[in-house]
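Written below as structure tokens is the structure these notes are about.
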Amino acid sequence: MLSGELRERLRHHLERIYPSRTELALEKVLNVCRPISRSPADALWSERDTLLITYGDQIRGPGGARPLELLERWLRSEGLEQAFSLVHLLPFFPYSSDDGFSVIDYRQVDPALGNWDDVSRLAATFDLMFDLVLNHVSQRSDWFQGYLRGDPRFADWFIEADPADDLSRVVRPRSLPLLTRVETTRGPRHVWTTFSPDQIDLNYRTPDVLAEMIDILLLYVEKGARIIRLDAIAYLWKELGTSCIHLPQTHEIVKLMRTVLDACAGGTLLLTETNVPHQENISYFGNGDEAHMVYQFSLPPLLLDGLLHGDATFLRRWLADLEPPAPATTFLNFTASHDGIGVRPLEGIVPPARFDALVTEVRGRGGRVSTRRQPDGSDSPYELNITYLDAVRDREAKGFRQQLRPFLTSQAVMLALRGIPAVYFHSLVGTPNDLEGVRQSGQPRRINRHKYDWGELERALESDNAAQGWLFRQYRHMLQVRRSQPAFHPDAGQRVVELASPAVLAVVRGEETGSPVCLLANLGRQPVTVSAHELPLLTSCTMDCLSGQPVINEDDSLTLSAHQTLWLTGG
406 MLSGELRERL
416 RHHLERIYPS
426 RTELALEKVL
436 NVCRPISRSP
446 ADALWSERDT
456 LLITYGDQIR
466 GPGGARPLEL
476 LERWLRSEGL
486 EQAFSLVHLL
496 PFFPYSSDDG
506 FSVIDYRQVD
516 PALGNWDDVS
526 RLAATFDLMF
536 DLVLNHVSQR
546 SDWFQGYLRG
556 DPRFADWFIE
566 ADPADDLSRV
576 VRPRSLPLLT
586 RVETTRGPRH
596 VWTTFSPDQI
606 DLNYRTPDVL
616 AEMIDILLLY
626 VEKGARIIRL
636 DAIAYLWKEL
646 GTSCIHLPQT
656 HEIVKLMRTV
666 LDACAGGTLL
676 LTETNVPHQE
686 NISYFGNGDE
696 AHMVYQFSLP
706 PLLLDGLLHG
716 DATFLRRWLA
726 DLEPPAPATT
736 FLNFTASHDG
746 IGVRPLEGIV
756 PPARFDALVT
766 EVRGRGGRVS
776 TRRQPDGSDS
786 PYELNITYLD
796 AVRDREAKGF
806 RQQLRPFLTS
816 QAVMLALRGI
826 PAVYFHSLVG
836 TPNDLEGVRQ
846 SGQPRRINRH
856 KYDWGELERA
866 LESDNAAQGW
876 LFRQYRHMLQ
886 VRRSQPAFHP
896 DAGQRVVELA
906 SPAVLAVVRG
916 EETGSPVCLL
926 ANLGRQPVTV
936 SAHELPLLTS
946 CTMDCLSGQP
956 VINEDDSLTL
966 SAHQTLWLTG
976 G
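For the sequence shown, the numbering used here assigns the number 406 to the initial residue and increments by one for each residue that follows.
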């Protein structure tokens with residue numbers, strides 16, 4: 406039974422979204438709300454929470470085996486339930502483009518991947534995160550096909566605009582046209598397509614659209630999702646004459662979804678995906694009443710910048726200024742995902758010359774640079790398309806172990822920071838740039854989206870004498886060690902220590918726990934000595950918990966070799 410209090414809270418949100426149709430919208434939303442039974446959680450999160458990002462068909466096999474079944478089998482065969490508590494299944498629904506992010510049917514599992522029973526088996530071992538791709542839908546969806554046919558149910562589900570309208574203020578994440586011409590039974594129309602002509606933006610001015618998405622949101626919880634990722638949420642509400650990004654109605658819809666989940670499925674978490682500058686990104690925390698989590702979007706490009714320049718200055722300055730999130734909210738830390746490395750989050754943090762050098766270096770490493778359209782019609786870098794491994798690999802070092810040290814350093818830093826860490830499948834197994842995938846598809850993002858045959862993956866990981874096998878075992882060990890440290894709780898304190906060498910990042914976690922961990926990471930290619938005079942904690946934190954060995958010299962100093970990372974504890 407849903408309470409009268411929920412009705413009033415929903416009305417409060419809907420008055421701000423639909424001031425002239427509040428009661429109509431309220432009844433539509435209430436009609437899809439229902440209580441969902443969930444096992445109560447002891448806490449929102451802990452140091453044992455680490456998330457794996459993967460496609461449902463990341464691993465394919467012979468004999469018609471379902472990819473979702475193969476994924477679950479591989480994760481258990483490698484003991485990864487001892488490394489990850491969560492699996493983010495990237496969109497596993499029928500789709501027409503963008504590797505899943507152009508959804509045809511939100512309520513079905515793509516038969517090429519498996520079925521809901523396969524998802525349930527995965528949920529028996531791991532908590533799950535699903536994507537709610539709520540800004541846009543596939544041209545091939547029943548909803549849009551109904552619109553084209555003139556079905557009155559879908560007449561107002563999409564946004565029509567006139568190409569003569571002044572759209573110059575609209576913030577663009579792509580260099581493609583904002584409007585797409587389509588043929589309908591009423592003649593040609595131009596519809597809003599923020600991301601591609603196949604991804605048709607939904608019209609949230611229509612209460613039926615919002616109610617439909619809330620129904621799907623709750624379906625995903627019923628199917629086992631602990632976290633719902635709100636994809637491309639920033640662009641949800643459109644208003645001619647505005648930027649059409651982060652509008653007040655968008656924030657209110659996130660608040661409404663939070664209210665629905667708190668009332669119907671307590672313990673379910675909302676994550677917003679907004680690849681924008683930091684202050685815009687964290688606005689989705691609201692006043693603790695919007696997202697439980699936001700991505701730490703500035704971290705991947707800042708860490709990349711630090712490693713490529715051998716200089717932690719901008720990274721540690723940003724971390725030192727980073728405000729801790731409010732209670733019951735946290736960051737999702739990552740370096741790589743199915744998307745490229747967004748560079749808008751560097752705005753105002755690194756100078757233009759340094760930014761240009763970063764873009765040039767990535768191109769020189771086989772990467773691609775995707776652009777977005779500026780209001781003046783010019784294009785500027787939006788994301789770097791490259792695997793994180795190839796982005797930071799030390800190409801001058803001899804032997805794959807030394808070449809991969811910068812990558813392991815990047816991951817050790819990410820895992821140690823305040824928040825919940827998220828690891829992309831291709832980072833875990835050390836996949837290099839898939840240039841052939843880019844060539845075949847013509848899509849720059851395919852560089853970081855390689856799909857493995859089961860046998861191919863087994864061969865890649867079978868030996869410590871080859872790069873991928875060695876790196877995989879190193880990474881799995883780091884993940885297992887991390888879970889045993891209370892100082893890595895997402896809410897534990899974080900303090901940046903300024904050291905003399907600009908190459909070294911020093912971060913102390915969890916001092917209030919009584920068992921702190923000190924991260925020391927040398928981002929440079931030259932050895933650096935750190936003394937207790939600079940870092941008094943060295944007198945008590947003498948053991949590297951990654952290697953299990955004492956590392957402090959008799960004079961209370963230590964020397965970090967090139968691209969070395971330590972997690973120092975009291976032993």
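All C-beta atoms in this analysis are idealised placements derived from N, C-alpha and C, irrespective of residue type, glycine included.
| Item | Value |
| --- | --- |
| Please report the residue range of the beta strand (DSSP E) in which Trp450 lies. | Element bounds for Trp450: n/a, residue is neither H nor E. |
| Whole angstroms are fine: how far does the CA of Ser952 sit from the CA of Ser442? | 43 Å |
| Using DSSP bridges, identify the partner residues of Thr585. | Val596 |
| Enumerate in chain order the residues of its own chain whose CB-to-CB distance from Thr598 is below 8 Å, with the five nearest sequence positions on each side excluded. | His541, Leu581, Pro582, Leu583, Leu584, Thr585, Gln604, Ile605 and Asp606 |
| Assuming Leu709 and Ile658 make a contact with CB atoms under 8 Å, what is their CB distance in whole Å? | 33 Å between Cβ atoms; not a contact. |
| Assuming Leu925 and Leu884 form a contact by the criterion Cβ under 8 Å, report the distance between their Cβ atoms to the nearest whole angstrom. | No, Leu925 and Leu884 are not in contact; Cβ-Cβ is about 19 Å, not under 8 Å. |
| Helix, strand or coil for Asp426, going by three-state DSSP, please let me know. | The question names Asp, yet the displayed sequence has Arg at residue 426. It is coil, neither helix nor strand. |
| Is it the case that the Cβ atoms of Asp503 and Arg854 are separated by a distance below 7 Å? | no |
| Near Gly693, what residues of its chain come up, given a Cβ to Cβ distance below 8 Å and the 5 sequence neighbours on each side ignored? | Ala731, Pro732, Ala733 and Thr734 |
| Could you tell me which of Phe535, Pro706, Pro780 and Ala821 sits nearest to Arg749, measuring between CA atoms? | Pro706 |
| On a CA-only basis, which of Val575, Leu763 and Gly771 is nearest Pro786? Give me that one, please. | Leu763 |
| Please look up how many angstroms separate the CB atoms of Leu480 and Glu486, rounded, as I've assumed it's under 8 Å. | 7 Å |
| Less than 8 Å between the CB atoms is what I'm expecting for Gln701 and Asn738, so what's the real figure, rounded? | 5 Å |
| Report all residues from its chain with a CB closer than 6 Å to the CB of Ala978; omit the five preceding and five following residues, and keep chain order. | Examination of residue 978 is not possible in this model, given that the chain is present from 406 through 976 alone. |
| I'd like the list of long-range same chain contacts for Arg453, defined as Cβ closer than 8 Å, with 5 residues on each side in sequence excluded. | Ser490 and Arg888 |
| To the nearest angstrom, report how far apart Thr677 and Ile650 are at their CA atoms. | 14 Å |
| Within the present structure, is the beta-carbon of Ala762 separated from the nearest heavy atom of the ligand MN by less than 6 Å? | By its list of ligands, the structure shown contains no ligand whatsoever, and the ligand MN lies outside what it can speak to. |
| In whole angstroms, give me the CA-to-CA distance for Leu862 and Asp839. | 14 Å |
| Counting Cβ pairs closer than 8 Å, one from the stretch 551 to 567 and one from the stretch 605 to 620, do we hit at least three? | yes |
| I need the straight-line Cα distance from Lys628 to His493, nearest angstrom please. | 14 Å |
| Would you call Ala529 buried or exposed, if buried means 16 or more other Cβ atoms sit within 10 Å of its Cβ? | exposed |
| Would Val418 be called buried (16 or more neighbouring beta carbons within 10 Å of its own) or exposed? | The question names Val, yet the displayed sequence has His at residue 418. Buried, because 16 or more other Cβ atoms sit within 10 Å of the Cβ of His418. |
| Just the Cα atoms here: how many angstroms apart are Ala717 and Asn608? | 44 Å |
| Cutting at 8 Å between CB atoms, please list the residues of its own chain near Gln463, excluding the five before and the five after it. | Pro472, Leu476, Phe830, Lys856 and Tyr857 |
| Between which two residues does the beta strand (DSSP E) harbouring Arg900 extend? | Gln899 to Val902 |
| Restricting to Cα atoms, I'd like to know which of Trp450, Leu713 and Pro578 is closest to His697. | Trp450 |
| Since Ala821 contacts Val912 with CB under 8 Å, what's their CB separation in whole angstroms? | 7 Å |
| Pull up the distance between the alpha-carbon of Phe506 and that of Ala827, whole angstroms please. | 19 Å |
| Residue ranges of each alpha helix (DSSP H) run of no fewer than 4 residues wholly in the stretch 853 to 938, ordered along the chain? | 859 to 866 and 872 to 887 |
| Determine, using beta-carbon pairs with one atom in the stretch 665 to 677 and one in the stretch 631 to 644, whether at least three such pairs fall under 8 Å. | yes |
| In chain order, what residues of the same chain lie with their CB nearer than 6 Å to the CB of Arg881, ignoring the 5 residues before and after it? | Ala488 |
| Express the C-alpha separation of Gln816 and Gly484 in angstroms, rounding to a whole number. | 20 Å |
| Given a threshold of 16 other Cβ atoms within 10 Å of its Cβ, counted over all protein chains shown, does Gly711 qualify as buried or as exposed? | buried |
| Just mark Asn870 as buried or exposed, buried being the case when its beta carbon has 16 or more other beta carbons within 10 Å. | exposed |
| Assign Ala967 to buried or exposed, taking buried as 16 or more other Cβ atoms, counted over all protein chains shown, within 10 Å of its Cβ. | buried |
| Just mark Gly772 as buried or exposed, buried being the case when its beta carbon has 16 or more other beta carbons within 10 Å. | buried |
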